[in-house]
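Residue numbers for the sequence shown follow the working numbering, so the first one is 724 and each next one is one higher. For glycine and all other residues, C-beta sits at the position ideal for the given N, C-alpha and C. Predicted, not measured: the structure shown is a model, and the values here were computed from it. Notes for the one structure printed next.
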Amino acid sequence: MHAITVHHADDHLLIVEKPAGLLSVPGRLPELRDCLISRIQSEYPDALTVHRLDQVTSGLVAIARGAAMQRALSMQFERRAVEKRYEALVEGLVGDDAGEIDLPLICDWPNRPRQKVDMEIGKPSLTRWRVLSRDAVASTTRLALEPVTGRSHQLRVHLASIGHPIVGDAFYGAVPAARVCLHAARLGFAHPATGAWQAWVSAAPF
């Protein structure tokens with residue numbers, strides 16, 4: 724069991740790095756008990772979940788210490804007052820240098836947890852993106868992503884829907900690879916105890 728990297732720890736919150744392949748919270752089955760929050764709680768018993776990353780996604784996660792901090796941080800996420808930036812490697816060469824994907828999403832219920840675009844009953848979902856680099860030989864593009872909304876699988880579905888699935892994301896049509904190349908690279912918010920703006924960065928491991 725790998726130790727979890729802690730980027731920041733104080734009496735109010737933790738900023739930790741979730742490795743790809745590890746659940747954020749426990750699954751229903753006994754074999755899915757190992758997860759980020761249970762590992763953190765072994766060292767910080769008052770640690771509580773504020774938000775999640777998909778199992779396939781790596782990167783920065785904020786963990787509250789105690790219920791009051793959990794409420795304060797959760798409110799910032801709900802108000803979209805949190806700066807979230809992701810980095811992804813996608814299949815194909817993206818033509819434009821920047822843009823946004825505004826496509827409503829909903830759970831594909833017979834195939835859950837798969838999500839899908841549904842123009843009639845989907846929930847509004849917005850992703851902003853810009854190109855960081857292109858690799859013509861590998862036919863891949865590295866993108867910086869900002870999910871304005873926080874729908875389940877939003878970045879993965881949005882990128883697949885424009886014909887550029889995330890490298891390794893076979894669940895949404897990509898060629899299988901060693902991992903899904905999606906990383907939560909930057910996280911910023913007002914510290915719930917001091918009000919001071921703080922931000923953390925983590926380099927993509929792909």
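Cβ distance (whole Å) where residue i is taken to contact residue j below 8 Å
{"i": "TYR809", "j": "LEU910", "result": "That pair is no contact at about 10 Å."}
{"i": "ALA811", "j": "LEU868", "result": "6 Å"}
{"i": "VAL944", "j": "VAL854", "result": "Here the chain covers residues 724 to 929 and nothing more, so residue 944 does not appear."}
{"i": "LEU828", "j": "GLY815", "result": "Wrong, their Cβ atoms sit about 21 Å apart, outside the cutoff."}
{"i": "LEU741", "j": "LEU752", "result": "Before going further, note that residue 741 is Lys rather than Leu in the sequence given. Contact doesn't hold; Cβ gap of about 20 Å is too wide."}
Pairwise C-alpha distance: residue j and residue i
{"i": "LEU849", "j": "SER747", "result": "23 Å"}
{"i": "ARG851", "j": "ILE889", "result": "15 Å"}
{"i": "ALA795", "j": "GLY891", "result": "35 Å"}
{"i": "GLN921", "j": "GLY873", "result": "20 Å"}
{"i": "THR863", "j": "ALA821", "result": "15 Å"}
{"i": "ALA787", "j": "ILE727", "result": "16 Å"}
{"i": "ASP673", "j": "ALA893", "result": "Beyond the ends of the chain as shown, which are 724 and 929, falls residue 673; an answer cannot be given."}
{"i": "PRO833", "j": "GLY896", "result": "18 Å"}
For residue i: DSSP bridge partner residues
{"i": "HIS731", "result": "ILE738"}
Contact under 8 Å by Cβ, residue i with residue j
{"i": "ALA743", "j": "ARG902", "result": "yes"}
{"i": "HIS906", "j": "PRO870", "result": "no"}
{"i": "ALA785", "j": "ILE738", "result": "yes"}
{"i": "VAL813", "j": "HIS887", "result": "yes"}
_Counting beta carbon pairs with one atom in the stretch 879-895 and one in the stretch 828-841, are three or more of them shorter than 8 Å?_
The stretch 828-841 vs the stretch 879-895: in contact.
*Could you tell me whether the stretch 913-927 touches the stretch 729-748, using the rule of 3 or more Cβ pairs below 8 Å?*
With a cut-off of 8 Å on Cβ pairs, the stretch 913-927 is in contact with the stretch 729-748, counting three or more such pairs.
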